[in-house]
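Below: one structure, written as structure tokens.
Numbering (the working numbering), first residue to last: 684 to 1135.
See the structure below:
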């Protein structure tokens, strides 16, 4: 059945080109990087492309009722990952929004003295974004500081599949040694090797002229293999899929908001890095019909999840998934969970709900990182991380004292919260996305429904 009406969309966007960014082969923690003018152009082009699809009234995928010329800030929400590669991701979000909502001379105001003032740069539109920092929200960078994920990576390195691939990669790495200055030429480090070669090929004319044919393709191939093994899992709720398991918290809640008339949200943009794409395609079984997506998406890639509705009598909401790899191709419709057409929203939520990570506490449990809070308390008491007294009885006593201190802290914190009801504390219980508390709103079908 055709579902023509687009009620809204959630866009998962990858950042544009940036300088080389080293990632630790075990912890996956990234080093510093910055965006480039090329990356900003790629993100801007993506914004223009999305505008043509979802904000142009003549488009078959135009979002019904959305304000297209002057942005209505109640209809649009933007979340931006500012952990690893944070500066480049933030710049990409800014450029994307410039393309999505370009300057408009109607962005003006008339003052009391009848003077008309147009916003700078010919009516530039300032769209606020929510920055997502891993120090208080793990939804867009859950793989760092995650012991269980590090164990997953190490087990993958020890697997027979990886060892065989590593052996097969050695001839190429040997041939590459004169073009990978200072890089550790191993399959474990394949992502960093490819990132180095790619950055040189794009930004260094001398390097680009010297690099032999097929070397970039081979480097990309081994990097794809390594990243696909790292950020995937055979189980939907496995730790290897953690990049999408947390991101889906924001996605599902945004879709639920879009589905109800009581909430004005119609478009959410999540600007992030490549990891959630790989995990999402595995978690939703897209790779079974599109094995080419078991790879690193290009800079400026985007996944669009459209909330659609067909004609009566079937008033259900359906989801359509579209993927665009890089900035040169068009969206291609892909199907999740072996569906050959749009999937009902309710079924999509039902299939995923037990694997989605919705809070920092759930993240800590999945990562076996619940002890980190206690470890931090040990450090505050002046003991080195992981330290013990060497005596079991003394350790127990110190543990008891620590528990008492934590209990008293919670007691006084509770009293403080009672006196400051308007203050919402950020902590392990907090949801991984900014969604209002439970409310009863009127659904688009006119029925009352509960929203979270």
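C-beta: ideal position from N, C-alpha, C; glycine also. These numbers were taken from a predicted model, which means no experiment stands behind them.
query                                                                                                                                                              : result
Let me check one thing: in DSSP terms, what residues is residue 951 bridge-paired to?                                                                              : 693, 760
Apply the 10 Å Cβ neighbour rule to residue 722 and answer buried if 16 or more other Cβ atoms are within range, or exposed otherwise.                             : buried
Under a Cβ-count criterion, where at least 16 other Cβ atoms within 10 Å of its own Cβ denotes burial, should residue 791 be classed as buried or exposed?         : exposed
Mind checking which residues open and close the alpha helix (DSSP H) that includes residue 911?                                                                    : 898–913
What first and last residue would you give for the alpha helix (DSSP H) that runs through residue 988?                                                             : First-last for residue 988: 985–992, but that is the beta strand (DSSP E), not the alpha helix (DSSP H).
When burial is assigned at 16 or more other CB atoms within 10 Å of the CB, is residue 1045 buried or exposed?                                                     : buried
Which same chain residues, not among the five before or five after residue 977, have their C-beta less than 6 Å away from its C-beta?                              : 911, 970
Taking the CB atoms as reference points, tell me whether residue 979 and residue 696 lie closer together than 8 Å.                                                 : no
Cα separation between residue 1134 and residue 713?                                                                                                                : Confidence at residue 1134 is low in this model, with a pLDDT of 42, below 50, so its placement is unreliable and the value that follows should be read with caution. Cα to Cα, the separation comes out at about 37 Å.
Which residues mark the beginning and the end of the beta strand (DSSP E) in which residue 814 is found?                                                           : 813–815
How long is the line joining the alpha carbons of residue 924 and residue 955, rounded to whole angstroms?                                                         : 16 Å
Pull up the DSSP beta-bridge partners for residue 713, would you.                                                                                                  : 706
How is the beta strand (DSSP E) around residue 1003 delimited, first residue to last?                                                                              : 1000–1007
With DSSP run on the structure shown, which of helix, strand or coil describes residue 801?                                                                        : strand
Take residue 771 and list the residues in its own chain whose beta-carbon comes closer than 7 Å to its own, dropping the five residues that flank it on each side. : 698, 701, 716, 717, 718, 722
Taking its Cβ as the centre, do 16 or more other Cβ atoms sit within 10 Å of residue 817, making it buried, or is it exposed?                                      : buried
Is residue 777 helix, strand or coil when you go by DSSP?                                                                                                          : helix
With distance defined between alpha-carbon atoms, name the residue in 863, 968, 859 nearest to residue 1022.                                                       : 968
Could you check where the alpha helix (DSSP H) with residue 929 kicks off and where it finishes?                                                                   : 925–941
Which whole-angstrom value is the C-beta distance of residue 655 and residue 966, which I expect to be below 8 Å?                                                  : No statement about residue 655 is possible, as the shown extent of the chain runs from 684 to 1135 and does not include it.
Please state if the CB of residue 1031 and the CB of residue 1141 are separated by a distance shorter than 8 Å.                                                    : The structure shown does not extend to residue 1141, since the chain is modelled only from 684 through 1135, so no value can be given for it.
Could you tell me whether the segment 775–782 touches the segment 724–739, where touching means 3 or more Cβ pairs closer than 8 Å?                                : yes
Could you pull the DSSP bridge partners for residue 1015 from this structure?                                                                                      : 1006
Does the Cβ-Cβ distance between residue 832 and residue 922 come in under 8 Å?                                                                                     : yes
Between which two residues does the alpha helix (DSSP H) holding residue 792 run?                                                                                  : Taken as a continuous stretch (DSSP letters only), residue 792 belongs to no alpha helix (DSSP H), being part of the beta strand (DSSP E) at 791–793.
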